[in-house]
Amino acid sequence: MERLDLSEEIKRKKVAAGTILILQGETAKAMSMLHSGLAEVLSCSRSGGDLPSDPEELIDSSIRVGLIKGESIFGILGIREEGPYETSIRAVTDCIVTIIPVKHEKIIHLLQSRISLNLQVLRALAQRIESAVFLYKNYKYLWHKFASIADTLALAGDFPEDSGPAKLPCSRENAALAEYAACLRKRIDAAEGLQPPDPWDHNLFLGRLQQAIGLYEEQDARVVENMIDYQQLIFLKRLVQKPDEILISLFKKDEPLNFYIFQFLSKALETMVHENFHLVTEIDDLIRRLFLEDGWIDQTLKRQPAESEKAGIFNHYLGRFCWRCRQDARKLLGVDLAREFPVYSSLGQYQDLEIEGKSRRTSKRGEKDGDSGLAKYANLLERILEFSDMDSDFSESFRENIRSFGGAQDKFGNGLRDLRETLSGQYWQLYEKCFLKIIDTDLKGFIPGIMLHFGLVDETLLSREDLATIDEAYSRVLYTDDQIPVMTLPYFLEKIYRSEIRPSITEMGQSFREVLKRQAKMTKAQKSSSYMYKDTAEDRVRFELHNVVSQTGGLLSGARQRSVPFLCSEAFVGSAERMLIEPETLGERVNSYRERDFSVFYREVVLHHKFGNDLVFKELLPNFVLYPVSGSRAMMWQELDGTKRESPGRIFIPLFFTESLDEAIPTVLAQFRWELQKTMAGVKWTDPIEGGIVGAYYDYINFYRRNPKLTPEAKEKLREFIQKTRSDRDRFTSDYLTWVNYEFEGRLRMNPTVREIFYRYAPFPEEHRKEMARKPLFTDMETKYQNRIRKELLRLESRKKRFEKAGVKIPEEIENYISFLNR
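Per our numbering, the sequence shown starts with residue 1488, numbered consecutively.
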């Protein structure tokens, strides 16, 4: 475990992800600045009060109670209070930090003697307080989710009348499930006009009854404005953002003001850190109460009547509700609930339950519900601009340009081409500022999340129906990796920020690393006129936004010159409801083709092990990214990450898609197969043996005239097919669609030669091939296929015996490859 030395002054040092920046319980030695990257605040609390003496045990016993990002400050509270650090801080991504050793009694003198550092500290304090406030609101939202699950379990259970205590009050924090259920029944009885719910009523997940009996009033009363002087904070935050020369002059005239601002901001930060800690502790308690073995969910599943349709429907919604909490908990708490708590597997079986009459979207709403639900969108543009802290000139220009665009009759005509181009550039500047500002909190916070995920920047650009559709969709899952990783753009950018993946290649094929190398060779004049990227978390995101996202949005629209990157009802073909693609829906549709072509995401990689090397096939799922635009094109952007053979590709699709997914999905899968195999085969990609499926197909297309297996009629048909298509990739894509859509269904449309290529390299699952092999047409192909598989399995079994004889664990990659061959 790497640790940072706080005893020596360090300027802008790069530290690796996982490095401990400060450790809870140690004496505060330094004030530190985080310039780039993301770090987590960890807290360990033991019932006896004593912290573990071993640093690794201390960190392992800690829970995440906050996140900080650059530019920010840490360690300041320990120095200010002259005591030990109350929390640990660990780098989540690679970070750039500055360490300034200082004693408690010297900190004010240090700041007053180094005015540039003084201003930097004040601005960093203001930034971290703002992040802590956002975090508090997101923690509160997460608390509501878990509290709602607990309350629903208590209200829905068919507990005996005498199962609880005789007196009120009791709470979900100090009562058993049956006792808490009895308390809630008493509250319902005491309320006027309320009736107890029927057992296992799934409508309880709407939360209306819980609100009616006031279960969340106490928590809702805990608002930031009651914790700190929020108006004073806003004023001081704006003050410290003034130009350096103004602040220097002001502090020279009024030194006590400088001291007051530092003290106020430090105290406000201390308050918010403590409030976040207490709220996270409550959330952690709720999570354990719900998900531990024999916890409330486990008890609920065990006590439900067997084969009860009503209980099954209840569990379906319970499962979906819990899975929606997973992404938020992973981001805010650093905990993957699905991996930590086995009960999640029990819930998974109910998620795909078919429910009669269930619809994911409701196209018709009551006027009253629609109006009240959409009230939060009022003045959306102003609120996003206020959140962003963009300067007044930018805000006024963007506001005026949006107003001009919204008032135009022909928004996508040639007359507004320059305005659309200007707006697009401004929009992505605003997007960048908002994303980097919210990266250390919940990416789904309404402001600016509704813009980041859905491209909604001004509610007046949408019809009432489209706005209602978006509002409903925003409450659902925007990231899923249950079967296929599908996510909206902010979650993809977060992966880049956290170095889980590299930035995408540009439209011209340049990678981020290549750009960094090219920059190093620039002249001073070239550097002064260009944005100089650094290998930091923030600049990786900027590179993606500047060079890929801002260009790709137009490409996905299908008409780059007539597109805008934000939502507008006039851009929809029909309604938003018809075009909207939900991540779960896309994942299910991709997986349905993956079940037909089970090897589509597999590639040959080199496995290094104790006895040498082996070639094995390994599945690496690409990231499917839903761009917040309206468009008609789905794009296979890249098949892998640079030159890393064991890295995921990426496929971009408009969130609002005008075309058919049933055509788009197999098309991008075919393109993915083609480009991946070309890359893996390298210069030998045209070889009919070494090139795999693309080599065999290339040979089939380019030398069909000499192919004795093709009849004259088939050759003529193939000649016409080649003339009608532009490239071998397009031809392969067309044949792939025929293979997975028609040949899989038994509708034969391919000639014997191309069918044999796909049967060998893109086989259907074993059960399906057995059915096909009953027909003479497929018998010989299946025999050849089985002979190849048998030969490879014999090689692997020999390898397994060598591992077993040496008493060495068989690599998981070999076990998975054997399972793959047996499919």
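Just so you know, even glycine gets a beta-carbon here, dropped at the ideal spot from N, CA and C. For clarity, every value in this text was computed on a predicted model and none was experimentally measured.
Residue range of the unbroken alpha helix (DSSP H) whose run includes residue i
| i | result |
| --- | --- |
| Ala1619 | 1602-1643 |
| Phe1778 | 1742-1778 |
| Cys1582 | Per DSSP, Cys1582 belongs to no alpha helix (DSSP H); it is in the beta strand (DSSP E), 1582-1588. |
| Arg1907 | 1904-1925 |
| Asn1661 | Asn1661 -> no alpha helix (DSSP H), and no H or E assigned at all. |
| Gly1806 | 1796-1819 |
| Ile2301 | 2299-2308 |
| Ala1578 | Ala1578 -> not in any alpha helix (DSSP H); beta strand (DSSP E) instead, spanning 1575-1578. |
| Val1552 | First-last for Val1552: 1550-1556, but that is the beta strand (DSSP E), not the alpha helix (DSSP H). |
| His1940 | 1933-1941 |
| Glu2203 | 2199-2211 |
Rounded straight-line distance, which links the Cα of residue j to that of residue i
| i | j | result |
| --- | --- | --- |
| Ile1871 | Ile1934 | 6 Å |
| Arg2065 | Arg2275 | 46 Å |
| Gly1853 | Gly1694 | Only weak support exists for where Gly1853 lies, its pLDDT of 41 falling under 50; the value from the coordinates is given anyway. Looking at the two C-alpha atoms, the distance is approximately 18 Å. |
| Phe2159 | Met2123 | 6 Å |
| Gly2311 | Glu2284 | Absent from the model: residue 2311. The displayed extent of the chain is 1488 to 2310, so no value can be given. |
| Phe1874 | Ala1619 | 15 Å |
| Arg2081 | Val2087 | 7 Å |
| Lys1855 | Leu1691 | Any answer about Lys1855 is weak, because its pLDDT of 40 lies below 50 and its placement is not dependable; what the coordinates show is given next. The straight-line gap from Cα to Cα measures roughly 21 Å. |
| Phe1778 | Ile2140 | 35 Å |
| Ile1563 | Arg1817 | 27 Å |
| Pro2263 | Arg2218 | 27 Å |
| Gly2179 | Met1995 | 27 Å |
| Phe1746 | Arg1615 | 18 Å |
| Gly2233 | Met2259 | 8 Å |
| Ala1793 | Glu2071 | 29 Å |
| Asp1537 | Leu2073 | 50 Å |
| Ile1586 | Asp1541 | 24 Å |
| Leu1867 | Leu1943 | 9 Å |
| Arg1601 | Ala1515 | 21 Å |
| Asn1888 | Leu1906 | 7 Å |
| Glu2291 | Gln1706 | 58 Å |
| Pro2115 | Ser2056 | 13 Å |
| Lys2271 | Thr2154 | 28 Å |
| Val2112 | Arg2047 | 19 Å |
| Val1964 | Glu2069 | 8 Å |
| Tyr2187 | Ser2037 | 39 Å |
| Thr1967 | Lys1740 | 56 Å |
| Asp1547 | Ile1784 | 26 Å |
| Ala1653 | Leu1671 | Only weak support is given to the placement of Ala1653: the predicted model assigns it a pLDDT of 46, under 50, and the question is left unresolved by the model. |
| Tyr1831 | Arg1776 | 14 Å |
Integer Cβ distance of residue i from residue j, believed to fall under 8 Å
| i | j | result |
| --- | --- | --- |
| Phe1922 | Pro1977 | 6 Å |
| Tyr1961 | Phe1941 | 6 Å |
| Met1518 | Gln1607 | At roughly 11 Å, the Cβ-Cβ gap does not stay under 8 Å, so Met1518 and Gln1607 are not in contact. |
| Ile1576 | His1522 | Ile1576 to His1522, Cβ: 14 Å. No contact. |
| Val1579 | Ala1526 | 6 Å |
| Pro2175 | Gly2136 | That belief does not hold up - the Cβ atoms of Pro2175 and Gly2136 are roughly 25 Å apart, past 8 Å. |
| Phe1999 | Arg2027 | 6 Å |
Start and end residues, beta strand (DSSP E) containing residue i
| i | result |
| --- | --- |
| Gly2328 | Given that the chain is displayed from residue 1488 to residue 2310, the structure contains no residue 2328 and the question cannot be resolved. |
| Trp1687 | Premise fails: Trp1687 is in no beta strand (DSSP E) and is neither H nor E. |
| Arg1499 | 1497-1502 |
| Glu1527 | 1525-1530 |
| Ser1884 | No beta strand (DSSP E) holds Ser1884; the alpha helix (DSSP H) holding it covers 1879-1894. |
| Phe2143 | 2137-2144 |
| Pro1542 | From DSSP, Pro1542 is part of no beta strand (DSSP E) but of the alpha helix (DSSP H) over 1542-1547. |
| Met2123 | 2122-2125 |
| Asn2110 | 2110-2118 |
| Ile1560 | 1559-1561 |
| Leu1491 | Element bounds for Leu1491: n/a, residue is neither H nor E. |
Minimum Cβ-Cβ distance from residue i to chain C less than 9 Å
| i | result |
| --- | --- |
| Leu1696 | Looking for chain C here will not work: only one protein chain is present. |
Problem set entry | At least three beta-carbon pairs within less than 8 Å, the stretch 2084-2103 to the stretch 1975-1990 | Segments in contact, no.
Exercise. Below 8 Å, can you find three or more Cβ-Cβ pairs linking the stretch 2140-2155 to the stretch 2009-2017?
Worked result: Using a Cβ-Cβ distance cut-off of 8 Å, the stretch 2140-2155 and the stretch 2009-2017 are not in contact, since fewer than three pairs of beta carbons, one from each stretch, lie closer than that value.
Exercise. What residue ranges within the stretch 1966-2041 form continuous beta strand (DSSP E) runs of no fewer than 3 residues, ordered along the chain?
Worked result: If we require 3 residues or more, the beta strand (DSSP E) runs fully inside the stretch 1966-2041 come out as 1973-1975.
Exercise. Can at least three beta-carbon pairs, one atom from the stretch 2208-2220 and one from the stretch 2244-2259, be found at a separation below 8 Å?
Worked result: No: the two stretches stay apart, fewer than three of their Cβ pairs being nearer than 8 Å.
Problem set entry | Unbroken stretches of the alpha helix (DSSP H), 4 residues or longer, contained in the stretch 2246-2275 | Entirely contained in the stretch 2246-2275, the alpha helix (DSSP H) runs reaching 4 residues are, in chain order, 2253-2260.
For this session: State whether the stretch 1658-1673 contacts the stretch 1629-1644, with contact taken as three or more CB pairs (one from each stretch) at a distance under 8 Å.
Result: Contact holds: three or more Cβ-Cβ distances are below 8 Å.
Exercise. Hey, is the stretch 1800-1814 in contact with the stretch 1628-1636, meaning 3+ C-beta pairs nearer than 8 Å?
Worked result: Judged by Cβ distances under 8 Å, the stretch 1800-1814 makes contact with the stretch 1628-1636, as three or more pairs qualify.
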